[in-house]
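Q: Residue numbering for the sequence shown is 1 to 381, as defined by our numbering.
Just so it is clear, CB atoms sit at the ideal spot from N, CA and C, and this is done for glycine as well.
There's a structure below that I have some questions on.
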Amino acid sequence: MNGAPASWPGWPGPVGDGPVQPGHDGPETLTTAPSVLTIDLGALVANWRSLHRPDGPAVAGVIKADAYGLGAGPVATALYEAGCRHFFVAWLQEALAIRSSVPDAMVAVLGGLIPGTEQAYVARGVTPVLGTLEEVDRWGAIGPAILHVDTGMSRLGLSPAEVDILAADPGRLLCPLLYVMSHLVSSEVPGDPLNTVQLARFETARARLPVAAASLANSSGIFLGPSYAFDLVRPGAALYGINPTPDAPNPMRPVVRLSIRVLSVRDVRAGETVGYNATWTARRPSRIATAALGYADGFLRSLSGRAVASFDGTHVPLVGRISMDLTTFDVTDHPAIQPGSWLDVLGPDLTADDLAAAAGTNGYEILTSLGPRYQRVYLPA
Ligand SMILES: *Cc1c(COP(=O)(O)O)cnc(C)c1O
């Protein structure tokens, strides 16, 4: 579509800004912003709901890293209003930032209990995820906690030797355990034998520890089958539209749309080059559109010459180097693209997974790299 992002077919208008009609000047913020990141909270909530199974486990929301770059506040509020009562973040300050938005929900900190932070956990009702015996001892009986056991990541969580020590001396664990949890190494690869190995290790560790509810699966782990479900699943990526089943069509709805404005369109003669270091040469007389997007916006420089933008259902190739604030596209075959046109670089037909494949990374890095400079529009849940 050539209109403002809010006129995208099938998407309602932006929150609180009133309707934006195609061909009609939108709110000041929309018409002046050179780049608009639209986050569809309705799709987010639909994705969260779709991960529920009849008689299945509770479904948490993993909203670390500012909800994978999409905004922890709006995301937490939308999930909470949909009924989500379990939230995971990486660090205590992320928990404190959303604590009052999700008043009676569990907010758990995956990263471990940094010394000196214990009283802040207690004061704000935040749940630590204890991952070493030292943390278990330091937390003592202060409040409920989650116990993390390592089953193969070798990153956080009690080692098998530490589980042995605790099993031999159960009185050492003084606090109520909300969950025993672990984390899968290769859940997006269903055939990886590590999945069953980790499942067996998790069952073994659980059997040796005090009775508690259990949590193992991240987004992709949910799709490994009911034996991985336990009492609570912990999806992050899938909520935000990243494909949890990379070898099959994406079952999740797209959540993110990134629209950028064309600033200028110029004619370039055959043989002329475009951009830093002249990495692209026009083979024919070409029209080059310069758009408001660069690596300072988290649009990875490694996408230079590899990404496309979507316009009116067709794709236009990105040419030359991505620079700090600007990116160039070959729009020779698209005369309708004019200064002021909007191009999408993320959207329903261009997913974070697509960009990740072009950049040689994963969808998580694409989303968490999205910069603070975009005008953000949240579509209501
Ligand atoms: C990030 C994280 C998750 C969520 O993983 P996704 O693959 O994004 O669903 C779950 N559990 C732990 C321990 C994590 O660190």
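Report the start-end ranges of each beta strand (DSSP E) in the segment 201 to 241 that is 3 residues or longer and not cut off at the edges.
A: Qualifying beta strand (DSSP E) stretches, in chain order: 213 to 215.
Q: For ligand 1, is there a heavy atom less than 7 Å away from the beta-carbon of Leu110?
A: Here the question's residue 110 lines up with position 110 in the sequence shown. Result yes, Cβ under 7 Å from ligand 1.
Q: Please state the DSSP three-state secondary structure of Ile142.
A: Looking up residue 142 in the sequence shown gives position 142. Ile142: coil per DSSP, three-state reduction.
Q: Cα-Cα, which of Ala200, Arg253, Arg261 is closest to Ser385?
A: Absent from the structure is residue 385, since the part of the chain shown begins at 1 and ends at 381.
Q: Whole angstroms is fine: what's the gap from Thr77's alpha carbon to Ala67's?
A: The residue labelled residue 77 in the question sits at position 77 within the sequence shown. The residue labelled residue 67 in the question sits at position 67 within the sequence shown. So the alpha carbons of these two residues sit roughly 11 Å apart.
Q: Which partner residues of Thr280 appear in the DSSP bridge assignment?
A: Mapped onto the sequence shown, residue 280 falls at position 280. Note on residue identity: the sequence assigns Trp, not Thr, to residue 280. Val274, per the DSSP bridge assignment.
Q: Report, in whole angstroms, the separation of the C-beta atoms of Val62 and Cys84, which I expect to be a contact under 8 Å.
A: The sequence position of residue 62 within the sequence shown is 62, counting from 1. The sequence position of residue 84 within the sequence shown is 84, counting from 1. Contact flag wrong, Cβ pair sits at about 11 Å.
Q: Under the criterion of a Cβ to heavy atom distance below 7 Å, does Ser219 qualify as lining ligand 1?
A: For the purposes of this step, residue 219 is taken as the residue at position 219 of the sequence shown. Answer for Ser219: yes, Cβ within range of ligand 1.
Q: Can you find at least 3 beta carbon pairs, one from the segment 128 to 142 and one from the segment 191 to 209, that sit closer than 8 Å?
A: With a cut-off of 8 Å, the segment 191 to 209 and the segment 128 to 142 do not count as touching, because too few Cβ pairs lie within range.
Q: Assign Pro254 to buried or exposed, taking buried as 16 or more other Cβ atoms, counted over all protein chains shown, within 10 Å of its Cβ.
A: Residue mapping note: residue 254 aligns to position 254 of the sequence shown, counting from 1. Pro254 comes out buried.
Q: If you compare alpha carbons, which of Gly275, Thr328, Arg53 is closest to Leu293?
A: Position 293 of the sequence shown, counted from the start, is the residue given in the question as residue 293. Residue Thr328 is the option with its Cα nearest to Leu293.
Q: Taking only heavy atoms of ligand 1 into account, decide whether any of them is closer than 7 Å to the Cβ of Met234.
A: Residue 234 sits at position 234 when you count from the first residue of the sequence shown. Checking the displayed sequence, the identity of residue 234 turns out to be Arg instead of Met. Answer for Arg234: yes, Cβ within range of ligand 1.
Q: Can you tell me the Cα-Cα spacing of Tyr374 and Leu263, whole angstroms?
A: Here residue 374 refers to the residue found at position 374 when the sequence shown is read from its first residue. Here residue 263 refers to the residue found at position 263 when the sequence shown is read from its first residue. Between Tyr374 and Leu263, the C-alpha separation is close to 16 Å.
Q: Under 6 Å Cβ to Cβ from Ala389, same chain only, skipping five residues before and after it: list those, please.
A: No information on residue 389 is available, as it lies outside the stretch 1 to 381 that the chain covers here.
Q: Helix, strand or coil for Leu318? Go by DSSP, reduced to three states.
A: By one-based count along the sequence shown, residue 318 stands at place 318. Three-state result, Leu318: strand.
Q: Alpha carbon to alpha carbon, how far is Leu147 from Leu130? Give it in angstroms, no decimals.
A: Taking the first residue of the sequence shown as 1, we reach residue 130 at position 130. Taking the first residue of the sequence shown as 1, we reach residue 147 at position 147. When rounded, the distance between both Cα atoms is 5 Å.
Q: The beta strand (DSSP E) with Leu130 in it runs from where to where?
A: Residue mapping note: residue 130 aligns to position 130 of the sequence shown, counting from 1. Unbroken beta strand (DSSP E) run through Leu130: 127 to 130.
Q: Using the rule of at least 16 other Cβ atoms within 10 Å of the residue's Cβ for burial, across every protein chain shown, is Ala229 buried or exposed?
A: Walking along the sequence shown from the start, residue 229 turns up at place 229. Ala229 is buried by the Cβ-count criterion.
Q: Here's a check: name, in chain order, each residue in its chain whose Cβ is nearer than 6 Å to the Cβ of Ser302, leaving out the five neighbours to either side.
A: For this step, residue 302 is matched to residue 302 along the sequence shown. Correct list, in chain order: Ala359.
Q: Please state whether the Cβ-Cβ distance between Thr151 and Ser100 is less than 8 Å.
A: As a working mapping, residue 151 is identified with position 151 in the sequence shown. As a working mapping, residue 100 is identified with position 100 in the sequence shown. No. Outside cutoff.
Q: Measuring alpha carbon to alpha carbon, tell me which of Ala296, Ser286, Pro339, Ser35 ends up nearest Asp325.
A: Locating residue 325 in the sequence shown gives position 325, where the first residue counts as 1. The shortest C-alpha separation from Asp325 is found at Ala296.
Q: Going by DSSP, what residues sit across from Leu326 in a beta bridge?
A: Position 326 of the sequence shown, counting from 1, holds the residue named residue 326. In the DSSP output, where bridge partners are listed per residue, Leu326 has Ala292.
Q: Evaluate Asn243 with the Cβ neighbour count: other Cβ atoms within 10 Å of its Cβ, from every protein chain shown; 16 or more gives buried, anything less gives exposed.
A: Within the sequence shown, numbered from 1, the residue matching residue 243 stands at position 243. Buried: at least 16 other Cβ atoms inside 10 Å.
Q: Applying the criterion that 16 or more other CB atoms from any shown protein chain within 10 Å of the CB defines a buried residue, is Val382 buried or exposed?
A: The displayed coordinates of the chain run from 1 to 381. Any statement about residue 382 would go beyond what the structure contains.
Q: If we cut at 8 Å on Cβ distances, does Arg206 have a partner in chain D?
A: Among the protein chains of the structure shown there is no chain D, as only one such chain exists.
Q: Classify Asn195: buried if its beta carbon has 16 or more other beta carbons within 10 angstroms, exposed otherwise.
A: The residue labelled residue 195 in the question sits at position 195 within the sequence shown. By the 10 Å Cβ count, Asn195 comes out buried.
Q: Go ahead and label Thr38 buried or exposed: buried means 16 or more other beta carbons lie within 10 angstroms of its beta carbon, across all protein chains shown.
A: Mapped onto the sequence shown, residue 38 falls at position 38. Answer is buried; the Cβ neighbour count reaches 16.
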